[in-house]
Amino acid sequence: MTTKRTGQPWQTPAAYGRTLMGLSVNLIVRDVARSLPFYTDVLGFTALYGDADYAALERDGMRLQLHADHAYDGMPWAPELAAGGRRGLGAEIRLLGIDPSEAERRARARGDRVVIATQSTPHGWRECYLADPDGYVFAVGLPTSG
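Residue numbers (our numbering): 4 to 149.
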């Protein structure tokens, strides 16, 4: 594992790891600093911590982690990530409780990719699909009334 941070992290990885419960999503991104504004400005997450290697985010009890490619350079999939292909293809991360119209507006204002514009669906949700800078797709939405 290569680290590029300067100074000490906010807490040890073991200390933060022990706070995680249930499902925890960890996305491997090319550049944490480039990715972070999508999660904070568009999806409304709070950055608990961020540096060149790693970011910890939280929103409404949901925890999300971002790790830079270089932090995972010893993993078996590192060569595939380095090849530069689209990430997360076939995975859809659903964030429920976020106003899709507002998230779409913020994404468009930043120049982020709107995969599917806000719409009401047969499964009882109003949602949109947004892609982060690395291509991970998020379906964000609220339940419809009735």
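Ideal Cβ positions, reconstructed from N, Cα and C, are used throughout, including at glycine.
Test: residue i CB closer than 8 Å to a CB of chain B
i	result
residue 64	Judged by its chain identifiers, the structure shown contains no chain B, having just a single protein chain.
Three-way DSSP call (helix, strand, coil) for residue i in this model
i	result
residue 3	Residue 3 cannot be examined here, being either before or after the span of the chain that is shown, 4 to 149.
residue 48	coil
residue 121	strand
residue 33	coil
residue 26	coil
residue 8	coil
Residue range of the beta strand (DSSP E) that includes residue i
i	result
residue 132	128 to 134
residue 58	57 to 62
residue 144	140 to 146
Alpha-carbon spacing of residue i relative to residue j, whole angstroms
i	j	result
residue 142	residue 86	26 Å
residue 124	residue 110	20 Å
residue 115	residue 41	8 Å
residue 79	residue 30	16 Å
residue 96	residue 133	10 Å
residue 126	residue 102	16 Å
residue 44	residue 63	15 Å
residue 99	residue 122	14 Å
residue 145	residue 47	14 Å
Range of the contiguous alpha helix (DSSP H) that encloses residue i
i	result
residue 16	16 to 20
beta-carbon residue i near the ligand COA non-hydrogen atom, thresh 7 Å
i	result
residue 46	The model on display carries no ligand, and the ligand COA is accordingly not part of it.
What residue ranges within the stretch 80 to 108 form continuous alpha helix (DSSP H) runs of no fewer than 4 residues, ordered along the chain? 81 to 85, all fully within the stretch 80 to 108.
Given 8 Å, three or more beta-carbon pairs between the stretch 81 to 98 and the stretch 16 to 26: Two segments are said to touch when three or more pairs of C-beta atoms, one from each, lie closer than 8 Å; by this definition the stretch 81 to 98 does not touch the stretch 16 to 26.
Quick check: the stretch 128 to 142 against the stretch 91 to 102, are at least 3 beta-carbon pairs closer than 8 Å? With a cut-off of 8 Å, the stretch 128 to 142 and the stretch 91 to 102 count as touching, because enough Cβ pairs lie within range.
Sufficient close CB pairs (3 or more, under 8 Å) joining the stretch 67 to 84 to the stretch 35 to 51: Yes, the stretch 67 to 84 is in contact with the stretch 35 to 51.
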